[in-house]
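The opening residue of the sequence shown carries number 4 in the working numbering; numbering runs sequentially from there.
Heads up, the beta-carbon is just placed ideally off N, CA and C, and yes, glycines get one too.
Keep in mind that this is a model prediction, so the values were computed, not measured.
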Amino acid sequence: MGRKTYQIQGYSSEQIKALFKTDDKYQIGIRLYAVYQVSLGVPSRDLETLYNTSFKQILNWVHRFEQYGIDGLRDKPGRGRKPRLNEHQQQRIKDLLLEESPVDYGYNTETWTGIMLIDWISENFQVQYKKAQIYNVIKSLGFSYQKAKGFYPEADLIAQEQFKEELKKTLRKSS
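This is how it looks when you write it as structure tokens:
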């Protein structure tokens, strides 16, 4: 039977791994240490598991370090997919969500939903989004998910209040 290994309390391995990405200095330090190990003669294939990346990526770090020094280990700007909507279109959607009602565009509700926004963007900008992706777009514009409360303009508010009062009386009698 082997020795027991220490179990970290309060953090999962995923949470710890995510901390590496919170600061550019951590990533550069890890990459620099990989370059250092290669300079000592450790094969990049032996480092794959330790650094949780491919040997080719480790060699890329080495080559970038040789060419650009420590700056070569930084992530290049502009990585990732470019947004399908330009800044003007994004601002238009932001204004739409803040200042306009779906009723103005023929929808039968006062609250914008993801599905309606997909339809509106498709009609106005000829850009197609899936249901899951539209919420990422909304979040990138600075909005968060809000659950709407039902409001029915045709409802009789006086009758509702009377019903609530009667319900309170009934509950008091039964307790």
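Check                                                                                                                    : Outcome
Identify whether Lys172 lies in helix, strand or coil by the three-state DSSP scheme.                                    : helix
Hey, could you find the ends of the alpha helix (DSSP H) Asn127 is sitting in?                                           : Gly117 to Phe128
Count the other CB atoms within 10 Å of the CB of Ile11; is the residue buried (16 or more) or exposed (fewer)?          : exposed
Okay, do the segment 97-108 and the segment 47-55 touch, 3+ Cβ pairs below 8 angstroms being the bar?                    : no
Nearest by alpha-carbon distance to Glu150: which of Leu174, Leu144, Ser143 and Gly117 is it?                            : Looking at the sequence provided, one finds Lys at residue 150 rather than Glu. Closest option to Lys150, Cα to Cα, is Gly117.
Determine the direct distance from the alpha carbon of Ile141 to that of Ile73, and round the result to whole angstroms. : 37 angstroms
Using the Cα positions of Glu169 and Pro156, report the straight-line distance between them to the nearest angstrom.     : 23 angstroms
First and last residue of the alpha helix (DSSP H) that includes Ala96?                                                  : Here the sequence assigns Ile to residue 96, which means Ala is not the residue at that position. That run of the alpha helix (DSSP H) goes Glu90 to Glu102.
What did DSSP end up calling Ser57 once you bin it into helix, strand or coil?                                           : coil
Specify, as a first and last residue, the run of the alpha helix (DSSP H) that Val45 falls within.                       : It is not in any alpha helix (DSSP H) - Val45 carries neither H nor E in the DSSP assignment.
Within 10 angstroms of the Cβ of Ile161, are there 16 or more other Cβ atoms? Answer buried if so, exposed if not.       : exposed
Buried or exposed: Leu50, going by 16 or more other Cβ atoms within 10 Å of its Cβ?                                      : buried
Would you identify the three-state DSSP class for Glu192, choosing helix, strand or coil?                                : Here the chain covers residues 4 to 178 and nothing more, so residue 192 does not appear.
Among Lys28, Glu164 and Arg34, which has the Cα closest to the Cα of Ile61?                                              : Arg34
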